[in-house]
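K.L.:
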C-alpha cells in the first residue's frame, strides 16, 4: 500500500476504533503528499515546527481549492471565520478579547473558581446512576457534563440544549473530510446553515445579556472592558458560536476516551481510585495517547515550505496529524504504552503555537474531576463491548456510545 | 522556571493563580518558593505546561524534574 492512499484509509470509518497502526505507517514518510494534493505531516518534530511556522495559515481563504472544494469560499459568506480560522493580526486581537473574561491576565481565576460547580455537576450525574447496573458513559455522563459546564460558563440556558445540539452536530460533521455519507461538500453546506442558525440564536442571547448582564462570559464579552478595544457585534456572535461548539464537542471525547482507556488498563483505574492526585498527569497522558482532536486538516502553506526533506508548495493544504506525532517513538519512549505517570509529557493533544487550545484549562479540569469521580464511585466497572461503536468523524474522534456494566455506586 | 523554554501559553497562571501570574500577555511573574499549601497548584501547573518549562523541587522531598524533557532536542 503506498502512502498516497493512507490518509483515505485513515478517514475511512473502518479505521476509527484503532487508527494508530495506520499512523505508524504514515510516519515512515514524515511529510507525505497524498494523491489529492494534501500534505500529511505525521512526525512529532515536523508537526511541532509547523505549529510555530508563520508560513502555515489557518485561514482557508489562502487555499488553492482542490477538486470538490470550490465551495470553500462560498462557505465563508455565511458567517465570517472565528479566530480558530484566522491568522495574525486579526486572530491575535480576537483571541485576546475572548481571553479577557476567561483567563490571565484579566481573569486568572475564572476556570479554577468553577471547580466546585464542576464537582457538583459530576456528583449529580453519578447519583443518577445509583440504582443501575449499566450505563452509557456518553449519553449519561460525558455528553451532558461538558454541556452543563459550557452553558454555565457562557451564560446559555441549559434548557435550550435540544435546540443547539442539532446545530452543533451539523457544524462538527462539517469538519469531517472523509468521503462517507453525503460527502464533504454537502456536509460543509449543512454546517454553514447550522452555523448561521446557531449564530442567530446566540445573537438574541447576547442582546439579552447586554440588557441584563450576569456573571457569565457572554455578559462580559457583550459589555466589553471600558474604553479599551472591543469585538464588533458580529465578531462577538462568531466567537460565541466557536466557544459553544468547541466547549462541548471535544471534552465529551476526552472524558469518554479517558473512561475507555481506564477500563482497558485496570491498574491505572485502581491507582486513580487510591491516589486521586494521579488525575493530573493521567489526563496529560490521555491527551497524548487518545487525543480528542486527532488531526488539524485546515492549514495552508503561504509559501514553499521545506520540511522533512519535502517542499510543501505554496497554496497546498496541510494536515497536521497530532495523534500520530503523539505516538512518535523518536519523541516519546514506548509511545504505544499508556503510562499515567509519564513525565516530560510535551504532547500535541491541544495543538501548539498561537492556536493552542483556548479551552485547555477548562478541558483539563473537567476531565480530571470526571475521571476521578467515575473511578472512585463506580463499583467494578467493566466494558460491555470492546471496541465500542465510534462516531463517524475522524477529526473529533471518540465513541458514540460507551456501554459499561457495574455493581452499583458508592456515595 | 526555564524561561528559555517558556512560550507564554499561560497554562500555569490558570492552574496556579496564587503562584504564577501573567503581566500583560507575554511576561510571566512567579513566586519561586511557594509554600506547601500551594503544592497541589504547582504540580498542576508543572504538568500542564505545554513546553514543560517548570521544574519542581520540594525541600525534604525528592526532586521532581517535571521539566526534564525526555528526548528533547538541543
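Chains as they are written, first to last, in the UniProt record's numbering: chain A, 1 to 411; chain B, 1 to 74. Just so it is clear, CB atoms sit at the ideal spot from N, CA and C, and this is done for glycine as well.
Against residue 25 of chain B, what residues of chain A qualify as contacts under a CB-to-CB distance less than 8 Å, listed in chain order?
P.N.:
Those are 96, 105, listed as they occur along chain A.
K.L.:
Helix, strand or coil: which one does DSSP assign to residue 74 of chain A?
P.N.:
Caution applies to residue 74 of chain A, whose pLDDT of 49 falls short of 50 and renders its modelled position unreliable; the value that the coordinates give is listed next. Note: residue 74 of chain A maps to helix in three-state DSSP.
K.L.:
So with Cβ pairs under 8 Å, would you call residue 38 of chain B a contact of chain A?
P.N.:
With 8 Å as the cut-off, residue 38 of chain B does not count as an interface residue toward chain A.
K.L.:
Mind checking whether residue 394 of chain A and residue 116 of chain A have CB atoms under 8 Å apart?
P.N.:
Not in contact: residue 394 of chain A and residue 116 of chain A (Cβ atoms no closer than 8 Å).
K.L.:
Can we say the segment 44-60 of chain A touches the segment 84-96 of chain A, given the rule of at least three CB pairs closer than 8 Å?
P.N.:
Touching, yes, given that three or more Cβ pairs across the two stretches are closer than 8 Å.
K.L.:
Helix, strand or coil, according to DSSP, for residue 311 of chain A in the structure here?
P.N.:
Note: residue 311 of chain A maps to strand in three-state DSSP.
K.L.:
Can you give me the start and stop residues for the beta strand (DSSP E) that residue 298 of chain A sits inside?
P.N.:
That run of the beta strand (DSSP E) goes 296-301.
K.L.:
Step through the CB atoms of chain A and report whether any lies within less than 8 Å of the CB of residue 51 of chain B.
P.N.:
Interface residue, yes.
K.L.:
So that I know if they touch, is there some Cβ in chain B lying closer than 8 Å to that of residue 350 of chain A?
P.N.:
At least one chain B Cβ lies under 8 Å of residue 350 of chain A.
K.L.:
By the three-class DSSP mapping on this structure, what secondary structure does residue 306 of chain A have?
P.N.:
Residue state, collapsed to three classes: strand.
K.L.:
Taking only beta carbons into account, state which residues of the segment 256-287 of chain A come closer than 9 Å to chain B, listed in chain order.
P.N.:
Residues passing the 9 Å Cβ filter: 277, 280, 281, 283, 284.
K.L.:
Using a Cβ cut-off of 8 Å (strictly closer), state whether residue 356 of chain A contacts chain B.
P.N.:
Taking Cβ atoms only, chain B reaches closer than 8 Å to residue 356 of chain A, which makes this a yes.
K.L.:
Does the Cβ of residue 58 of chain B have 16 or more other Cβ atoms within 10 Å, making it buried, or fewer, making it exposed?
P.N.:
Residue 58 of chain B is exposed by the Cβ-count criterion.
K.L.:
Let me know if residue 336 of chain A comes out buried or exposed under the rule of 16 or more other beta-carbons within 10 Å of its beta-carbon.
P.N.:
It counts as exposed.
K.L.:
CA-CA distance, residue 212 of chain A and residue 98 of chain A?
P.N.:
About 20 Å.
K.L.:
Would residue 108 of chain A pass as an interface residue toward chain B - the criterion being a Cβ-Cβ separation below 8 Å?
P.N.:
Taking Cβ atoms only, chain B reaches closer than 8 Å to residue 108 of chain A, which makes this a yes.
K.L.:
Who are the neighbours of residue 17 of chain B on chain A, taking C-beta pairs under 7 Å?
P.N.:
Simply 108, 109, 112.
K.L.:
Out of curiosity, what's the CA-to-CA distance linking residue 38 of chain B and residue 215 of chain A?
P.N.:
For residue 38 of chain B and residue 215 of chain A, the distance between alpha carbons rounds to 27 Å.
K.L.:
Going by beta carbon distance, what residues of the same chain come within less than 7 Å of residue 368 of chain A, once the five residues before and after it are set aside?
P.N.:
Answer for residue 368 of chain A: 279, 280, 283, listed in chain order.
K.L.:
Restricting to Cα atoms, I'd like to know which of A:144, A:200, A:342, A:323 is closest to residue 249 of chain A.
P.N.:
Among A:144, A:200, A:342, A:323, the Cα nearest to that of residue 249 of chain A belongs to A:144.
K.L.:
Is the beta carbon of residue 16 of chain A closer than 8 Å to that of residue 390 of chain A?
P.N.:
Result yes, Cβ atoms of residue 390 of chain A and residue 16 of chain A sit closer than 8 Å.
K.L.:
Which value, in whole angstroms, describes the spacing of the CA atoms of residue 14 of chain B and residue 148 of chain A?
P.N.:
Cα to Cα, residue 14 of chain B sits roughly 21 Å from residue 148 of chain A.
K.L.:
Quick one: is residue 30 of chain B near chain A, going by C-beta distance under 8 Å?
P.N.:
Not closer than 8 Å to any Cβ of chain A, the Cβ of residue 30 of chain B fails to qualify, so no.
K.L.:
List, in order along the chain, the chain A residues whose C-beta lies closer than 8 Å to that of residue 8 of chain B?
P.N.:
Simply none; closest approach about 10 Å.
K.L.:
Can you give me the start and stop residues for the alpha helix (DSSP H) that residue 31 of chain A sits inside?
P.N.:
Per DSSP, residue 31 of chain A belongs to no alpha helix (DSSP H); it is in the beta strand (DSSP E), 31-33.
K.L.:
Mind checking residue 378 of chain A: buried by the 16 CB within 10 Å criterion, or exposed?
P.N.:
Buried, since its Cβ has 16 or more Cβ neighbours within 10 Å.
K.L.:
From the beta carbon of residue 207 of chain A, is the nearest beta carbon of chain B less than 8 Å away?
P.N.:
For residue 207 of chain A, the answer is no, since every Cβ of chain B falls outside 8 Å of its Cβ.
K.L.:
Using a Cβ cut-off of 7 Å, which residues of the segment 359-378 of chain A contact any Cβ in chain B, in chain order?
P.N.:
Going along the segment 359-378 of chain A in chain order, one finds 360, 361, 364 with a Cβ nearer than 7 Å to chain B.
K.L.:
To the nearest angstrom, report how far apart residue 73 of chain A and residue 190 of chain A are at their CA atoms.
P.N.:
With a pLDDT of only 47 at residue 73 of chain A, under the threshold of 50, the placement of this residue in the model should not be trusted, and no figure is reported.
K.L.:
Note down the Cα distance separating residue 51 of chain B from residue 131 of chain A, rounded to an integer number of angstroms.
P.N.:
The alpha-carbon atoms of residue 51 of chain B and residue 131 of chain A are separated by roughly 44 Å.
K.L.:
Just the Cα atoms here: how many angstroms apart are residue 277 of chain A and residue 122 of chain A?
P.N.:
So the alpha carbons of these two residues sit roughly 17 Å apart.
K.L.:
Spatial neighbours of residue 90 of chain A within its chain, please: C-beta separation below 8 Å, excluding the five flanking residues on both sides.
P.N.:
Excluding residues within five positions, the ones whose Cβ falls inside 8 Å are 83.
K.L.:
Between residue 382 of chain A and residue 405 of chain A, which are expected to be in contact by the criterion C-beta below 8 Å, what is the C-beta distance as a whole number of angstroms?
P.N.:
Confirmed, Cβ separation roughly 5 Å.
K.L.:
Hey, how far is the Cα of residue 210 of chain A from the Cα of residue 223 of chain A?
P.N.:
Rounded to whole angstroms, residue 210 of chain A to residue 223 of chain A spans 6 Å at the Cα level.
K.L.:
If you scan the segment 314-384 of chain A from start to end, which runs of the beta strand (DSSP E) of 3 or more residues do you find wholly inside it?
P.N.:
Runs found: 317-320.
K.L.:
Excluding the 5 residues preceding and the 5 following residue 9 of chain B in the sequence, name in chain order all residues of the same chain whose CB lies nearer than 6 Å to its CB.
P.N.:
Contacts found: 50.
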